[in-house]
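Some notes on the structure that comes next.
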Amino acid sequence: MHSQIRSSSALNIALDASRCTLNYAREHMWDPLYLKQRVEELGLTKEFDSYQIRLWRSYLSIFFVLHILVTVGHCALLLVFAEVKQMVYLDICVYSGCAILLLSILSINFCEKFVARHNWVMSFTSVLAALILLAADIITAIYHYYANTDLVVASFYDVYIVFVIYMYLPILSVRRVLVLGTVASLVYMVHFVVFMTPVLQQKVSSITTNGSYIINATHYVCLNLMGIFYRITTNMMVRSSFLDRHQYVTEELMLRNARRHEKVLVDSILPPLISKSLQSEIRNKITLVQQGTKTVTSLQRSMAVQIHPEVSILYADVVNYTQLTTTINVETLVIILHDLYGRFDMAAATFRAERIKFLGDCYYCVAGITEVDPDHAQNCVDLGFAMISNIQEVRGIYDLDISMRIGVHSGLIFSGVLGEAKLQFDIWGTDANIANVLESTGLPGCVHISNRTLSYIEEEPYEIEPGPSWAAEHPLLVKHKVETYILRMKNLSSTDFKNGHNVRMFSLVRFKSPINATRDESSELVFQEELRQEYKKMPVFRWNFGSLRRGCQPSDMPNLSNLCLTYKDKEMEKLYINQRDYIFKYSMLLAYLIGCLLVILQFDSNTSRCILCTIVNYLIIIFFGILTFIAWYKKMCWTRNQIKPKRNRVYNRFSCFLFYLINKIQENLEIRVGLYIFITLSHGTIIALILILCDQNRFILDEIEHKIFHYEAPNDACFHPWVITNMMSIFICMVFTFTRIPLKLKTLVAFLLSGAYLLLVNLHLRIVFHHSFTSTPSLPAEYAHTMQILVTILTVYQKERMTTFASKVNFKWRQELKRKQSDAVLTNQSITIILHNILPAHVSKLFLIGFKYIHKINVLNVYLTSLAKHELYYENYQMVSVMFAMLMNFQMDLRNLRLLNDIITEFDILLLYYKEFYVVEKIKVVGCTYMAACGLDLNFAGAVSIKSRSSNVHASPHLAKLLALPLARNHDGSDSDELDEVVFVLASFALDMMRTLSKCLESQGQEHGSITIGLSSGEVMAGIVGASQPHYDIWGNAVNMASRMQTTGLPDNIQVTEESAHILQDYGIKCNFRGLTFVKGRGEIPTYLVGIDPHYCFIDKEASRNPSHVLRSTQISYGSAYSKPEDTIGTDSDQL
């Protein structure tokens, strides 16, 4: 069954018992008209014409070498083998002078600037050169006719000139080159009629005038057919290569931008020291999963921790932050925080400090962490005063009662990334804790520093006071003997620390600035210029002589062998020769026409009286006709469907069988080679029949009688030699016309045929060829035949090398394009994972949905464009449950950091079981505190800034399914109680955390370890703030209360507010009243402890309502980001 499916897919045919449909899309892409229209649609006509001029100029340079070889060879032949040397001097002079004049005229085309201004020069010089060569050939023949008493000589350059016109001369228009080739053929036919036919009629009476005309006309028709085939297929290859190059370069530039954006994303959460290893690790994991060698359910990364012995740590806290987040609406809050934290981020960048993260009102950063900085302490102190200046300005702009409390300490810290989900860079260590204490014990509007930091800075710019008395009594400071000082800046003004920049760059003034549109236009211009530069670098022939002098080749040149142009990479060569042959139908049509014309050329021989010969000829033509019909049947069906359109046209069994045959021929190299050999042998059979039926003894006797007794020489003894040589020239050219046959095989066949024929000409049938017309007086005729065959094979072989080279370059680009497309998919999947580690699932999925179903653009561009335009994203929720969980008595050394990493990792894995229905979202981890929330669901949001995107989600059940969210509920009083379930879900998650911690400590052999958990619920505001490091955060009374519940809680207990306790009791969970607990900013309030038994299970009570989903799904959905594209329909990675 699977093999049938694969076979059907390979054939591009949807099979159904006895009917099928036609898929002609891939083959249509090789249609000459389609390729031309495609170039025009993309607006690349000018660039393509420029590339085509360069290409034909390279062909012309090869023609120079070729024509010099032909001229030198011809002249040498005359000098060596002419019986009367005086008779050939004129010919040598004419052909040599013609070559010099011809090459001189054509050399004008190498004046690039002149030709670029006057494109007609290429056509004009080509026509002039062809006419000069034609005139030299005809004039020498006419001269010998009149100068040597009706001595008739055959034209030497007729085949060569026609091939040169079509294959080498830089005439871009196919019509013009066809006209020139036809004119050259007509001139030779006139010469034949006027000068050669009367003599032939006198010598051989049985050849009629009409018969000789037909034979001669057929010969030139064959030559022009071969020429026009080469020109059309060359144009197809050139356009296809150009379009592939365009796509290749476009993908290259887009991939470069995607990787740059990926780096921006990674750098927004991690410093470069860690981000590189993270990116590499993510890509390797994705690759392993796509290869089927690994199953990934989460990031599964190793701990990355680094030690920094000499840094300075700054902790900053916004005074009156609680009042700020509980008294203003969400939009204003996000605007203020984005403005404030944006200023802080820019100031941190100015003073070479790395912002670590912010936790509500706490903002902390480190100087000297990314690179060694001897001024780390000075930079941190100056940054602190810059932040004070910034908050003063924000306070004045928005009329807020806020201030800044800052603590700075210098020492040793650990830094790194812990866990597997929502990766965030963090710092740990005793010195980090000291800096935190300095902030909490400091004074508003001042910088509180330690004695160690003071020893690193200049004291002159500051007013220095002893630290507060309560700071000196803090246990941690006392334990480590830390003396503290309060710094005030002398003459602090609002213009200090701005480094010449306006810090209001993050205010709403910038949001509607037209700069972004100009930037987009500038990026597009840069993109187009890069494309033009890449087009100029496209290779045009095998060797770049400048590179050869330097001993190297351009990077985009394929690594080919010199003789047969095979890839030195055997796997690449195997892929090349096994690609589908979409030009087969053109080659087959030419083979059929040439076969018919070769049969016509037999009219002057005695094969017409051979019944066997006639049968063989008819059989060959019939078989060729059948193959041609099969090759063109798909094209005919497609054309018919274009004339009479019909959607999903169904074809009968006969048509399906023909589709099957042509697909097999196109895709199977062995079948193509078999047909190629058969067609070659068939053409050879037509010529061989003529040669075999030649009675050489009778021919010799007839020639003797004709010479001695002047008898009429009958023509039925043997063939006409020049007709056979012309047929052989066409046959040799025909050998090279099948494009997807290896050049090695075609070259071997051509040289074997040429060698065999030359042996017959110069040995076995020499007497026959010797008595034919020669091309130059006193030159034995067999040498003239030999020269034409050699010139033909040299001309055609060199052209085929050029065509093969272009095809190999194009194939290399296509392989590189596939690799880049694969890299692009990998980059997009990596970006998806990184987005999941910056934003909550519902926000990142919203951008992903917008990418596939709404805007059809890169998800990263949606996100980064909104950042570049400073479009703020915010949400407002009526009911969200928030949790803070802190590991107690945890010493921050390397050993314990490993344990902390294991614990955080287990917590992150636990999140994967809360990815459906009411999703538990990890917000951040700060030190040993784990923050999470439940209810951050767009369907529950009272307000969302990106309304157009959210409306699309609510409008479509399919989109809601892809978001892994239930359909939007009505936001009325009847449904509000359902939102209370988020408290039950988050309490269940908190209990699972306690159970997980217990098992983790047990597996690590730890006897002691506890966790304190605080939980609250209510209205929450959320949004993305920050400049250099955008961060999703939540604010509101529920967040503040959850934090207070944790700080005032008891180890191994879950402390909740009164509102949350009532909700949990409704769901059948016992909550024990703890009493009145003092909470900063609220005074004494009633708090409750959730009932938990020794086995970490809830203590039940009678429930008044039941949760909608009791059991969590065990299917880990996060692994979809690593899944194979074909296996993840509807997942995030598939959308990319």
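Per the numbering used here, residue 21 is the first one in the sequence shown, and the count goes up by one each step.
Ideal Cβ placement from N, Cα and C applies to all residues, glycine included.
Please read these numbers as outputs of a predicted model, since none were measured by experiment.
Pairwise C-alpha distance: residue j and residue i
{"i": "C40", "j": "I682", "result": "15 Å"}
{"i": "Q72", "j": "M592", "result": "27 Å"}
{"i": "L189", "j": "L551", "result": "28 Å"}
{"i": "S1037", "j": "A1007", "result": "11 Å"}
{"i": "R1015", "j": "A452", "result": "30 Å"}
{"i": "R303", "j": "R276", "result": "16 Å"}
{"i": "A397", "j": "I1083", "result": "50 Å"}
{"i": "F751", "j": "L768", "result": "14 Å"}
{"i": "E459", "j": "A1081", "result": "34 Å"}
{"i": "K56", "j": "R265", "result": "15 Å"}
{"i": "Q573", "j": "G694", "result": "Its pLDDT being 47, under 50, Q573 is placed unreliably by the model, and the measurement read from it follows with that caveat. Distance between the alpha carbons of Q573 and G694: 36 Å."}
{"i": "Y606", "j": "T202", "result": "21 Å"}
{"i": "V940", "j": "S901", "result": "9 Å"}
{"i": "V338", "j": "V1059", "result": "16 Å"}
Option in the options with minimal Cα separation from residue i
{"i": "A174", "options": "H138, Q553, Y803", "result": "Y803"}
{"i": "L779", "options": "L711, Q835, I252, Q898", "result": "L711"}
{"i": "C584", "options": "R1064, T823, F371, I724", "result": "T823"}
{"i": "L278", "options": "S850, I614, M951", "result": "Strictly speaking, residue 278 in this sequence is Ala, with Leu absent from that position. Comparing Cα positions, the closest option is S850."}
{"i": "I1033", "options": "N1060, I152, Q1066", "result": "Q1066"}
{"i": "A491", "options": "L507, G462, Y109", "result": "G462"}
{"i": "E936", "options": "G1111, V1002, R660", "result": "V1002"}
{"i": "M951", "options": "F378, H164, V182", "result": "F378"}
{"i": "H239", "options": "Y208, M257, N255, R265", "result": "Y208"}
{"i": "L810", "options": "H164, Q835, A708, V781", "result": "V781"}
{"i": "H429", "options": "N717, Y335, F698", "result": "Y335"}
{"i": "I813", "options": "Y180, M142, W652, H358", "result": "Y180"}
{"i": "M394", "options": "D381, V350, H328", "result": "One point to set straight first is that residue 394 is Pro, not Met, in the sequence displayed. Closest option to P394, Cα to Cα, is H328."}
{"i": "K1121", "options": "E1104, N746, G1088, V1110", "result": "G1088"}
Residue(s) in a DSSP beta bridge with residue i
{"i": "Y894", "result": "G1043"}
{"i": "K377", "result": "Y384"}
{"i": "W448", "result": "F434"}
{"i": "N1092", "result": "L1109"}
{"i": "E483", "result": "R508"}
Residue interval of the alpha helix (DSSP H) (run including residue i)
{"i": "T655", "result": "The identity of residue 655 in the sequence shown is Lys, whereas the question assumes Thr. Where K655 is concerned, the enclosing alpha helix (DSSP H) stretches over 631–663."}
{"i": "C676", "result": "673–687"}
{"i": "S749", "result": "741–755"}
{"i": "A1062", "result": "1057–1067"}
{"i": "V194", "result": "194–211"}
Under the three-state DSSP convention, the category residue i falls into
{"i": "N598", "result": "coil"}
{"i": "D264", "result": "helix"}
{"i": "Q326", "result": "strand"}
{"i": "S798", "result": "coil"}
{"i": "M906", "result": "strand"}
{"i": "R39", "result": "strand"}
{"i": "K944", "result": "strand"}
{"i": "R1125", "result": "coil"}
{"i": "I614", "result": "helix"}
{"i": "A336", "result": "strand"}
{"i": "M912", "result": "coil"}
{"i": "I88", "result": "helix"}
{"i": "Y1087", "result": "coil"}
Element boundaries [beta strand (DSSP E), containing residue i]
{"i": "Q1075", "result": "1073–1077"}
{"i": "R508", "result": "504–509"}
{"i": "Y587", "result": "Note, Y587: premise wrong, no beta strand (DSSP E); not H, not E."}
{"i": "C1020", "result": "Not the beta strand (DSSP E): C1020 falls in the alpha helix (DSSP H), residues 1001–1023."}
{"i": "V467", "result": "466–470"}
{"i": "K714", "result": "It should be pointed out that residue 714 corresponds to Cys in this sequence rather than to Lys. Note, C714: premise wrong, no beta strand (DSSP E); not H, not E."}
Chain C contact for residue i (CB, 8 Å cutoff)
{"i": "T450", "result": "Here chain C cannot be found, since the structure has a single protein chain."}
beta-carbon residue i near the ligand MN non-hydrogen atom, thresh 7 Å
{"i": "K664", "result": "Among the components of this structure there are no ligands whatsoever, and the ligand MN is therefore not found."}
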